[in-house]
Amino acid sequence: MASPGDDIVSPFGPLQNELARMRGANLTTAIQDVDKIIEYLVAARDQVAAPDADHHRISMAMTTLQNPVKDRLEAINNDLRDVTKAQRSFGKALDKALPQRELPMGTDAMADHPSLINRAIAMHLVREGQFSVASTFVRESRDQQPPLSLEPWSPRTARTDEDGDDDMIQEDGEEERLTGHGVNNYPEDLQGQFAEMYSLLSELRNRNLGPAIKWARQNNSRLESAGSNLEFELCKLQFVWLFKGPEVNGLPDDERNGEMGALRYAKEHFARFQSRHLKEIQQLCGAIVFAPNIEQSPYRHIFQIDSAFEDVATSFTREFCSLLGLSAESPLYVAVTAGSIALPRLIKYNKNTKEKKTEWTTENEMAFETPLPPSMIYHSIFVCPVSKEQTTEQNPAMMLPCGHVICRESLHNMAKGSRYKCPYCPTEGHLRDAIKITL
Amino acid sequence: MTDHENSSIKHSDHLLLDQPLLRLPNELLRKNFRAAHFAIEKDTSTLKTLLRDSATAALSGRATQQDVLKNLDAMISRMRGVKRKLGAYADEEARLHTQTAARIQHLDELYTMHSIEDVKYEAWSRKRLDRLLADYLLRHGYNDSAKELASEKNMENLVDVDTFVSMSRIREALLNGSVAEALAWCTENKKELRKMESKLEFMLRLQQYIELIRTQSQPKLVEAIAHAKKYLMPYWGTYPKEVKQACGLLAIPPDSSYGIYSDLYKSTRWNELADLFTTTHNSLLSLPSVPLLHVALSSGLSALKTPACHSSHADDIYNDTGSSSALGHGVCPICSTELNDLARNVPYAHHTKSHVEHDLFLLPNGRVYGKERLEDYARKSGLSPNDVKDPVTGQTYPMDLLKKVFIT
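Those sequence lines, one after another, are chains V and H.
Throughout, the working numbering is defined as the position within the first sequence, counted from one, plus 665.
Throughout, the working numbering is defined as the position within the second sequence, counted from one, plus 5.
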């Protein structure tokens, strides 16, 4: 393993020097020499063309022309030699700075799915707000053979074949509506969604919470069932923002602004949050009493909103994408970044198996561990402490009555008849007492 | 913990995908120089002879003033021609130098970052993604999209639009049944192609021959024989089998069905030619044979994939609209619509260590959550302090039905 710190010094310094040298030794010097030759030739022509030019003068002109032109031709050769030299040493420096290493190209599993990749790219462009590039891309891929298969896009296409026992969705017409017009016109519909998201985000950045609050209210039931407080967070920020008064928020100085405006806002809007957020509402309203010197009050932390708009924008993006069934960060971005982290291991593994002519037998699972940063681990992963295998649908995690967890296969391998002893504590138990758990 | 180590950037390993970024302009610089050199060589050697001859002629008195002037004019216009050509090469050279400088700087930036969690790293990695996307788009002939992306992201210097646009022009021509463009490219790169023992030119010539025979008209057949003598026979030693087949083809009309000969008449040969051209082109310019996006994706999808990503359970957490994953980083990228189908056939990542929430508790419905998440969710839902609610199914349970889970 490379220890951290061993490659911190950039290898590109020397390369930059070589580049500077190469930029110095370029073809323009040769052009200057060509210019000189043209100059000599033109001068000689003038002499030859002169009205008083006789045989003697002409031969003189032609003879004296020989050497300077030859010298210049020689100079051009030297110029070119310098260019090659500089190029060569740049090439060497390049080999040193970025040693050629083979990439795993043997089996290109991705090549079989151009339309899936195209779809991923189109969605990536749309979610990044690159609408015009996205529409160019969709047009170009439509024109080409084979055309990008425009599979109807709907949130959670994966779930359509499932039994649909998700009551949350059934009771909510919102989802139906969304799916309803999501079908058949991907990605224009998706684009509309993201266009809305970006316009709301830009309002948010301009400290205008109104549109976002309106959106959150419309989608309130789905947000709440997903465990999100977005609407309340937005309203809370709106309260604080009004409370700060016209000097800070730059809104008109009227009865809808300042402390009184905030109180009025609270009266109008906070009632619906009472059951869930009573305590926070009490705090907010309690703070009004301390209005003149809020900095010294126990409530000051509520009113520090330096990064609040950015935070709220981030959670807004996350919730918005979640409701579409999409991750907040572009999956393509995460996958490519993870890919570049995993690549060295993959290369090493390929090399080793090639040398030893061994092959990994579990085809569903990679043969080596990739050290991903914690932020790139999304699902709970349970590795059975007995078999050292990850649990899967076929081999789920089982909890023994003592609270220890192993996978089902290990449990059955361990059991004698229908009884077993926990490998981690002295407890013994019966197979039917082990519970399948979902992490 | 090792977490920190996992986030640190191993710079030299991290640039594996970025080799072609500097290799290509370097190859192009060399190619440009060779072309410039060739042009100069040819014209200056003519100049030399012309200069010497006209001087001797002038000295011997054989040449009149007009003759000498004519010679001088010829020399001047030749050198002006050289200057014009060189000017174009110098411009290309300058462009490649600027490009190289921008690319070195971009790669060098990575060395100012040490952790993947660094904000600057995210910007860098996004730029890399944009580069890989542009590369993918260009390789598939989506040139307008690539150009637009490059200009929107202000990264024209990091993207090889010109190279790929001229490549796809030749490719298109082949797919439309024209070999002229590809043959011109072969002439341009004659030496290098010979060095790498490329079969491309032969295959192009063979195709020309096949097309002549396909017409079955007498003058064209005669032309085909001449063509074969001139362009195919020189390859007798290298590709004896193909040349013999070509000869045999003369006797076989296109509508007959003699195995190998009907294969030669197939229109799919044009696609094969286009592919052969692409491979040759890429290896000549030391470009990777597959889009780098494919390499990055297949490695990345596997690294991120877990057995849960394609599980059939309708009620699992990741299938639930709007709920974020257990570890609190939002919806998993592999479960997200964009990549889900694509990742279906790749293997999942290998783990030797469990990654679960801290302080796990079992709910009576068989689901396990971290204590913090349960408390958080109960607070958000406005439950009494003695109750918890399953963040996924929404079921509410009294606290004392919870059981502690031990993960070893």
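Where is the CB? At the ideal position from N, CA and C, for every residue including glycine.
Within chain V, the residues that residue i reaches when beta carbons sit closer than 7 Å
{"i": "residue 234 (chain H)", "result": "The premise fails here: residue 234 (chain H) is roughly 37 Å from chain V at the closest Cβ pair, so nothing lies under 7 Å."}
{"i": "residue 409 (chain H)", "result": "1068"}
{"i": "residue 391 (chain H)", "result": "None at all; the shortest Cβ gap to chain V is about 16 Å."}
Short CB-CB distance (under 7 Å) between residue i and chain V
{"i": "residue 47 (chain H)", "result": "no"}
{"i": "residue 277 (chain H)", "result": "no"}
{"i": "residue 41 (chain H)", "result": "yes"}
{"i": "residue 51 (chain H)", "result": "no"}
{"i": "residue 218 (chain H)", "result": "no"}
{"i": "residue 261 (chain H)", "result": "no"}
{"i": "residue 368 (chain H)", "result": "no"}
{"i": "residue 305 (chain H)", "result": "yes"}
{"i": "residue 22 (chain H)", "result": "yes"}
{"i": "residue 327 (chain H)", "result": "Note on residue 327 (chain H): pLDDT 35, under 50, position unreliable in the model; the coordinate value appears next. By this cut-off, residue 327 (chain H) is an interface position."}
{"i": "residue 417 (chain H)", "result": "Look at the range of chain H in this structure, 6 to 413, and you will see that residue 417 (chain H) is not part of it."}
{"i": "residue 337 (chain H)", "result": "yes"}
{"i": "residue 240 (chain H)", "result": "no"}
{"i": "residue 106 (chain H)", "result": "yes"}
Residue-level contact to chain H via CB, residue i, 7 Å cutoff
{"i": "residue 731 (chain V)", "result": "yes"}
{"i": "residue 892 (chain V)", "result": "yes"}
{"i": "residue 1103 (chain V)", "result": "yes"}
{"i": "residue 725 (chain V)", "result": "no"}
{"i": "residue 773 (chain V)", "result": "yes"}
{"i": "residue 858 (chain V)", "result": "no"}
{"i": "residue 669 (chain V)", "result": "Confidence in residue 669 (chain V) is poor, its pLDDT being 45 and thus under 50, which makes the residue's placement unreliable; the coordinate value appears in the next sentence. Output row for residue 669 (chain V): interface = yes."}
{"i": "residue 1007 (chain V)", "result": "yes"}
{"i": "residue 967 (chain V)", "result": "no"}
{"i": "residue 845 (chain V)", "result": "Any reading at residue 845 (chain V) is ruled out, since the residue's pLDDT is 31, under 50, leaving its predicted position unreliable."}
{"i": "residue 836 (chain V)", "result": "Summary for residue 836 (chain V): the model assigns pLDDT 35, below 50, so the residue's position carries little reliability; its value from the coordinates is reported in the next sentence. Closer than 7 Å: no."}
{"i": "residue 1063 (chain V)", "result": "no"}
{"i": "residue 675 (chain V)", "result": "yes"}
{"i": "residue 956 (chain V)", "result": "no"}
{"i": "residue 1089 (chain V)", "result": "yes"}
Residues sharing a beta bridge with residue i, DSSP
{"i": "residue 966 (chain V)", "result": "BP columns for residue 966 (chain V) are empty, so no partner."}
{"i": "residue 120 (chain H)", "result": "H:13"}
{"i": "residue 392 (chain H)", "result": "H:403"}
{"i": "residue 1085 (chain V)", "result": "V:1094"}
{"i": "residue 1056 (chain V)", "result": "Answer is none; residue 1056 (chain V) lacks a bridge partner."}
{"i": "residue 375 (chain H)", "result": "H:365"}
{"i": "residue 1072 (chain V)", "result": "V:1062"}
{"i": "residue 1048 (chain V)", "result": "V:1055"}
Inter-residue CB distance, residue i and residue j (contact presumed, cutoff 8 Å)
{"i": "residue 356 (chain H)", "j": "residue 377 (chain H)", "result": "Not confirmed; about 23 Å, so no contact."}
{"i": "residue 180 (chain H)", "j": "residue 275 (chain H)", "result": "6 Å"}
{"i": "residue 205 (chain H)", "j": "residue 290 (chain H)", "result": "In fact, because the Cβ distance is near 14 Å, the residues do not count as touching under 8 Å."}
{"i": "residue 360 (chain H)", "j": "residue 967 (chain V)", "result": "About 34 Å separates the two Cβ atoms, so there is no contact after all."}
Contact list for residue i against chain H, beta-carbon separation under 9 Å
{"i": "residue 1050 (chain V)", "result": "359, 412 and 413"}
{"i": "residue 1029 (chain V)", "result": "312, 352 and 353"}
{"i": "residue 1079 (chain V)", "result": "Correct list: empty, because the minimum Cβ distance to chain H is about 14 Å."}
{"i": "residue 728 (chain V)", "result": "60, 63 and 64"}
{"i": "residue 981 (chain V)", "result": "Neighbours of residue 981 (chain V) on chain H: none; closest Cβ ~13 Å, over 9 Å."}
Interface partners of residue i on chain H, CB under 8 Å
{"i": "residue 1053 (chain V)", "result": "357"}
{"i": "residue 686 (chain V)", "result": "The premise fails here: residue 686 (chain V) is roughly 11 Å from chain H at the closest Cβ pair, so nothing lies under 8 Å."}
{"i": "residue 1092 (chain V)", "result": "Per Cβ cutoff of 8 Å: no residues; residue 1092 (chain V) is ~11 Å from chain H at best."}
Interface residues of chain V facing residue i [CB-CB closer than 9 Å]
{"i": "residue 38 (chain H)", "result": "692, 745, 748, 749 and 752"}
{"i": "residue 4 (chain H)", "result": "Here chain H comprises residues numbered 6 to 413, so residue 4 (chain H) is not present and cannot be evaluated."}
{"i": "residue 372 (chain H)", "result": "1102, 1103 and 1104"}
{"i": "residue 257 (chain H)", "result": "Within 9 Å Cβ-Cβ: nothing; residue 257 (chain H) doesn't reach chain V, min ~30 Å."}
Cross-chain neighbours of residue i in chain H, by beta carbon under 7 Å
{"i": "residue 1037 (chain V)", "result": "11 and 308"}
{"i": "residue 689 (chain V)", "result": "Under the 7 Å cutoff, chain H gives no residues; its nearest Cβ is about 10 Å from residue 689 (chain V)."}
Beta-carbon neighbours of residue i, restricted to chain V and to distances below 8 Å
{"i": "residue 87 (chain H)", "result": "699"}
- request: Check whether the region 994-1007 of chain V touches the region 297-314 of chain H, taking contact to mean three or more Cβ pairs, one atom from each stretch, closer than 8 Å.
  value: yes
field: Any 3 or more C-beta pairs closer than 8 Å across the region 106-120 of chain H and the region 46-56 of chain H
entry: No, because fewer than three Cβ pairs between the region 106-120 of chain H and the region 46-56 of chain H fall closer than 8 Å, the two stretches do not touch.
Cβ pair count under 8 Å reaching 3, the region 366-381 of chain H against the region 1096-1104 of chain V: yes
- prompt: Is the region 890-900 of chain V touching the region 924-941 of chain V in the sense that three or more CB pairs, one from each, lie closer than 8 Å?
  reply: Yes, they touch.
query: Would you call the region 984-998 of chain V and the region 123-138 of chain H in contact, with 3 or more CB pairs under 8 Å?
result: yes
field: Contact the region 978-992 of chain V vs the region 332-351 of chain H: 3+ CB pairs below 8 Å
entry: Result yes; three or more Cβ-Cβ pairs closer than 8 Å.
- prompt: Are the region 918-933 of chain V and the region 881-889 of chain V in contact at 8 Å, needing three or more beta carbon pairs?
  reply: no
field: Cβ contact check for the region 72-90 of chain H and the region 698-705 of chain V: 3 or more pairs under 8 Å
entry: yes
query: Are three or more beta carbon pairs between the region 67-82 of chain H and the region 709-724 of chain V nearer than 8 Å?
result: yes
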